[in-house]
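Report on one structure; see the data block that follows.
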Amino acid sequence: IIVFQINLRLILVSGKTKEFLFSPNDSASDIAKHVYDNWPMDWEEEQVSSPNILRLIYQGRFLHGNVTLGGNSHLCRCIRNESSSSFHVALKLPFGKTTVMHLVARETLPEPNSQGQRNREKTGESNCCVIL
Numbered sequence: 001i002i003v004f005q006i007n008l009r010l011i012l013v014s015g016k017t018k019e020f021l022f023s024p025n026d027s028a029s030d031i032a033k034h035v036y037d038n039w040p041m042d043w044e045e046e047q048v049s050s051p052n053i054l055r056l057i058y059q060g061r062f063l064h065g066n067v068t069l070g071g072n073s074h075l076c077r078c079i080r081n082e083s084s085s086s087f088h089v090a091l092k093l094p095f096g097k098t099t100v101m102h103l104v105a106r107e108t109l110p111e112p113n114s115q116g117q118r119n120r121e122k123t124g125e126s127n128c129c130v131i132l
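Mapped onto the UniProt record's numbering, the consecutive letters of the sequence shown carry residue numbers 1 to 132.
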């Protein structure tokens, strides 16, 4: 049986890094718990009191606890759970390559897109780019 795993390189605010292997079905909450339970010895100074405050940041965005790693592509996809009619996001990270994420200690997560929307409302700016 071939088991597909996703290699994550986690970076702390201090700049220290460590690589971990995870299943495509592992969620951000699963990853936080695994890292907490297997806290690297050279990260001792950054040890946190609970896995519940560990947050992952991928491509500049905080990942909510139910986001899974997925597999085979860099695109995100929503998956509908037929039994509960709820949705969760799968990142669809590639197998065989290392994906880099930041790991931070933070009690709560910002609401999705709330900060960006507030900033655009205050400044009246739009998301455009001019290349000269």
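All residues carry an ideal CB built from backbone N, CA and C; glycine is no exception.
Between the C-alpha atoms of Pro110 and Met41 there is a straight-line separation of about 30 angstroms. Sequence-distant Cβ neighbours of Leu54 in its own chain, meaning closer than 7 angstroms and more than five residues away, are Ala32, Val35, Tyr36, Val48, Leu103, Ala105. Residue environment for Leu56: buried (at least 16 other C-beta atoms within 10 angstroms of its C-beta). For Asn25, the three-state secondary structure derived from DSSP is coil. Lys92 is a Cβ neighbour of Gly70, given a cutoff of 8 angstroms. When the Cα atoms are used, Arg61 and Val67 turn out to be separated by approximately 12 angstroms. The C-alpha of Phe4 lies about 7 angstroms from the C-alpha of Phe95.
DSSP places His102 within a strand segment (E or B) once states are collapsed to three.
The beta carbons of Leu12 and Trp39 sit no closer together than 8 angstroms. When beta bridges are read from the DSSP output, Asn52 appears opposite no residue. Per DSSP, Leu10 is one residue of the beta strand (DSSP E) stretching across 6-11.
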